[in-house]
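Engineer: Residues 18 to 443 (the working numbering) are what the sequence shown spells out, left to right.
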Amino acid sequence: MSEIIRRDPRREWIARNRLHPDNAAVLAALGVNRGGGATSEWMGPNGVVRKDPRAVGFIGPNGVKRIDRSGLQQGGQATATTTAARDSRRTVTIDQPAFLVAVVPDLAGGRLSGHDKDLLGLARRVADADAEQPGAVVAILFGEHKEEALGEAGIDRVVHLDDEFYAGFAPEARLAALSAVEREMTPRFWLLPDSPLGGADLGRRLALRLGERAATGVWQVEADNEASLGWRCTARGAAGSLDIQRPLPRVALALAECAEPVDETRHAAEHLILAASIPTTLSRIEDLGQVAVDPAGVALAEAEFILSGGNGVKQWDAFHHAAKVLGATEGASRVAVDDGFMARDRQVGATGTWVTARVYMAVGISGAIQHLQGIQRCDKVVAINLDPGCDIIKRADLAVIGDSTQILAALVAMVEQQRGGQRNAA
Numbered sequence: 018m019s020e021i022i023r024r025d026p027r028r029e030w031i032a033r034n035r036l037h038p039d040n041a042a043v044l045a046a047l048g049v050n051r052g053g054g055a056t057s058e059w060m061g062p063n064g065v066v067r068k069d070p071r072a073v074g075f076i077g078p079n080g081v082k083r084i085d086r087s088g089l090q091q092g093g094q095a096t097a098t099t100t101a102a103r104d105s106r107r108t109v110t111i112d113q114p115a116f117l118v119a120v121v122p123d124l125a126g127g128r129l130s131g132h133d134k135d136l137l138g139l140a141r142r143v144a145d146a147d148a149e150q151p152g153a154v155v156a157i158l159f160g161e162h163k164e165e166a167l168g169e170a171g172i173d174r175v176v177h178l179d180d181e182f183y184a185g186f187a188p189e190a191r192l193a194a195l196s197a198v199e200r201e202m203t204p205r206f207w208l209l210p211d212s213p214l215g216g217a218d219l220g221r222r223l224a225l226r227l228g229e230r231a232a233t234g235v236w237q238v239e240a241d242n243e244a245s246l247g248w249r250c251t252a253r254g255a256a257g258s259l260d261i262q263r264p265l266p267r268v269a270l271a272l273a274e275c276a277e278p279v280d281e282t283r284h285a286a287e288h289l290i291l292a293a294s295i296p297t298t299l300s301r302i303e304d305l306g307q308v309a310v311d312p313a314g315v316a317l318a319e320a321e322f323i324l325s326g327g328n329g330v331k332q333w334d335a336f337h338h339a340a341k342v343l344g345a346t347e348g349a350s351r352v353a354v355d356d357g358f359m360a361r362d363r364q365v366g367a368t369g370t371w372v373t374a375r376v377y378m379a380v381g382i383s384g385a386i387q388h389l390q391g392i393q394r395c396d397k398v399v400a401i402n403l404d405p406g407c408d409i410i411k412r413a414d415l416a417v418i419g420d421s422t423q424i425l426a427a428l429v430a431m432v433e434q435q436r437g438g439q440r441n442a443a
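#1: What residue from ALA400, ALA269, GLY152 has the CA that sits closest to SER325's CA?
#2: Starting from LEU209, trace the beta strand (DSSP E) both ways and give me its first and last residue.
#3: Can you tell me which of the three DSSP states ASP414 falls into?
#4: If you compare alpha carbons, which of ILE261, PHE358, SER350 is closest to GLN364?
#5: What does DSSP give as the partner residues of GLN364 in its beta bridges?
#6: ASP260 by DSSP, collapsed to three states: which one?
#7: Buried or exposed: LEU89, going by 16 or more other Cβ atoms within 10 Å of its Cβ?
#8: First and last residue of the alpha helix (DSSP H) that includes ARG267?
#9: Let's see if you can read the secondary structure: which residues bound the alpha helix (DSSP H) around GLY391?
#10: Look at the alpha carbon of ASP123 and the alpha carbon of PRO188, and state the distance between them as a whole number of angstroms.
#11: If I follow the unbroken beta strand (DSSP E) through GLN237, where does it start and stop?
#12: Nearest to ALA140 by alpha carbon, out of GLU277, ALA197, ARG200?
#13: Report yes if the CB atom of GLU239 is closer than 8 Å to the CB atom of ARG249, and no otherwise.
#14: So, for ALA232: in the same chain, excluding its five sequence neighbours on each side, which residues have a beta-carbon less than 6 Å away from its beta-carbon?
#15: Using a Cβ distance threshold of 8 Å, determine whether the segment 312-322 contacts the segment 369-386, with at least three qualifying pairs required.
#16: Go ahead and pull the three-state DSSP assignment for LYS341.
#17: Tell me the rounded alpha-carbon separation between ASP112 and ASP173.
#18: My understanding is that VAL143 touches PHE206, with C-beta atoms under 8 Å, so please give their C-beta distance in whole angstroms.
#19: Rounded to whole angstroms, what is the Cα-Cα separation between LEU7 and ASP420?
#20: Taking the CB atoms as reference points, tell me whether LYS397 and ASP414 lie closer together than 8 Å.
#21: Tell me, please, which residues DSSP counts as bridged to GLN156.
#22: Classify MET359: buried if its beta carbon has 16 or more other beta carbons within 10 angstroms, exposed otherwise.
#23: Report buried or exposed for HIS288, applying the criterion of at least 16 other Cβ atoms within 10 angstroms of its Cβ.
#24: Beta strand (DSSP E) containing THR370: first to last residue?
#25: So, TRP371 versus ALA293, is the Cβ gap smaller than 8 Å?
#26: Taking 6 Å as the limit between beta carbons, can you name the residues of its chain near PRO210, skipping five residues before and five after?
#27: For ALA146 and GLU169, I'd like the C-alpha separation in whole angstroms.
#28: What residue range is occupied by the uninterrupted beta strand (DSSP E) comprising ALA397?
#29: Below 8 Å on the Cβ atoms is my guess for VAL120 versus VAL154; work out the distance and round it to an integer in Å.
#30: Report the three-state DSSP secondary structure of THR444 (helix, strand or coil).
#31: Counting pairs of beta carbons, one from the segment 336-353 and one from the segment 379-391, are three or more of them closer than 8 Å?
#32: Could you tell me if SER212 is buried or exposed, where buried requires 16 or more neighbouring beta carbons within 10 angstroms of its beta carbon?
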């Protein structure tokens, strides 16, 4: 039976806003422990407690001190710290799993997104619930990929299908492949991202093919001894105004932040080949390729590549030209918006728009906590700034110290030379 719980949007907003006078009381009522300080944790946009990207580190669920989710720590120690953290991971090998949990990541751009890693963290949690009879996580990957550390994401087995008829939008061919995996491996659970990048559509097709009543919009999974499969999920419904609880079905489509990504273990990521050949299906859908879209017309929340300007930008005409050449959607800090250089709908941050870009380039932005909160789900952050000690540099995956006008001019010249002056999005 499903259980419907009405959400309190105001309470959730207070829980996310650390400056609100009732923030501490609401977090205490929700059972949130801030741990190391007043800003070390906060409630994410989907109701899950997230870590402060400015913090040096935090204690993981197994009692091990971990680095922040961006993979970096302070200043010049970032590379060494990241390498040491990877080397300290515990190696886990599951030779004879009691069951399988199948995950079909979006793999946008050939790499695991933050959403994919959250989903793999959820799969890992379900597979490792019984220490005596652990399960294995098998990932089904379509097309070419650039990931070299699939095991660090929590994957035990990999089924890689890179034939050309899986490329692009090919839901019928991919569904035939998933059906072959179902017949051969019979996973206990199927987990897919509930995202517009393909997971939402493919997951619903798979549930229909298997005759299952899928759970969509899942943002939390908890152990439940009363459920037939031992798990209970909470999903968003009624345009996000209701939380619906039900036993976790075989097919679940999860939102971002459904679980913490794997950061303490390294798995085998053993490649498997299906014994039976996958029947070739005559697709009724023809993929005509991607349609060119003007980045300036893309909403910030949907943009994959964002060039964001702050108080350090002195020549805004050069900034706009750089965004056009790079094929980036323009964003801005609150200071730039308040000063009238950018429109209010271009503001990035907790007081503006939470963004999930694959690449976020911050130009002349110091990195206030509200801004860092708004970019916490970006995969890669590039910072251009004169101050090597500012907070955005500590969060960045790549930092360039210098005058933003000169750096952007050099970047534009390099891109125009390589691309012959043609614009190409991220």
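Don't be surprised by glycine CBs; every beta carbon is placed ideally from N, CA and C.
Structural biologist: Inspection of the coordinates gives the following:
#1: Looking at ALA400, ALA269, GLY152, the one whose alpha-carbon comes closest to that of SER325 is ALA400.
#2: In the DSSP assignment, LEU209 falls within the unbroken beta strand (DSSP E) covering 206-210.
#3: Here ASP414 sits in coil by DSSP.
#4: Taking only the C-alpha atoms, the option nearest GLN364 is SER350.
#5: Per DSSP, the beta-bridge partners of GLN364 are ALA349.
#6: Per DSSP, reduced to three states, the secondary structure at ASP260 is strand.
#7: Here LEU89 scores only 39 on pLDDT, less than 50, and its place in the model should not be relied on; the value that follows carries that caveat. With 16 or more other Cβ atoms inside 10 Å of its own Cβ, LEU89 counts as buried.
#8: Per DSSP, ARG267 belongs to no alpha helix (DSSP H) and is neither H nor E.
#9: That run of the alpha helix (DSSP H) goes 386-391.
#10: Here the C-alpha atom of ASP123 lies approximately 12 Å from the C-alpha atom of PRO188.
#11: 232-240 is the span of the beta strand (DSSP E), which, as asked, contains GLN237.
#12: For the residues GLU277, ALA197, ARG200, the minimum Cα distance to ALA140 belongs to GLU277.
#13: Inclusion of GLU239 and ARG249 in the CB contact set at 8 Å is warranted, their separation being smaller than that value.
#14: Result list for ALA232: CYS250, ALA252, PRO266, ALA269, in chain order.
#15: With the cut-off at 8 Å, the segment 312-322 and the segment 369-386 touch.
#16: Helix at LYS341.
#17: Cα to Cα, the separation comes out at about 9 Å.
#18: Indeed, because the Cβ distance is near 6 Å, the residues count as touching under 8 Å.
#19: The chain is shown from 18 up to 443; residue 7 falls before or after that span and cannot be answered.
#20: Result yes, Cβ atoms of LYS397 and ASP414 sit closer than 8 Å.
#21: Here residue 156 turns out to be Ala, not Gln, going by the sequence shown. Answer is VAL120, VAL175.
#22: So MET359 counts as buried.
#23: Flag for HIS288 reads exposed.
#24: First-last for THR370: undefined, no H or E at that position.
#25: Taking 8 Å as the Cβ cut-off, TRP371 and ALA293 do not qualify as a contacting pair.
#26: The answer, listed in chain order, is ASP123, HIS132, LEU136, GLY216.
#27: Cα atoms of ALA146 and GLU169: separation of roughly 19 Å, rounded to the nearest angstrom.
#28: At residue 397 the sequence reads Lys, which differs from the Ala that was named. For LYS397, the uninterrupted beta strand (DSSP E) segment begins and ends at 397-402.
#29: Distance from VAL120 to VAL154 at the Cβ level is roughly 6 Å; contact confirmed, criterion being Cβ atoms closer than 8 Å.
#30: Outside the displayed range of the chain (18 to 443) lies residue 444, so it cannot be described from this structure.
#31: By the Cβ rule, the segment 336-353 counts as touching the segment 379-391, because three or more pairs are nearer than 8 Å.
#32: It counts as buried.
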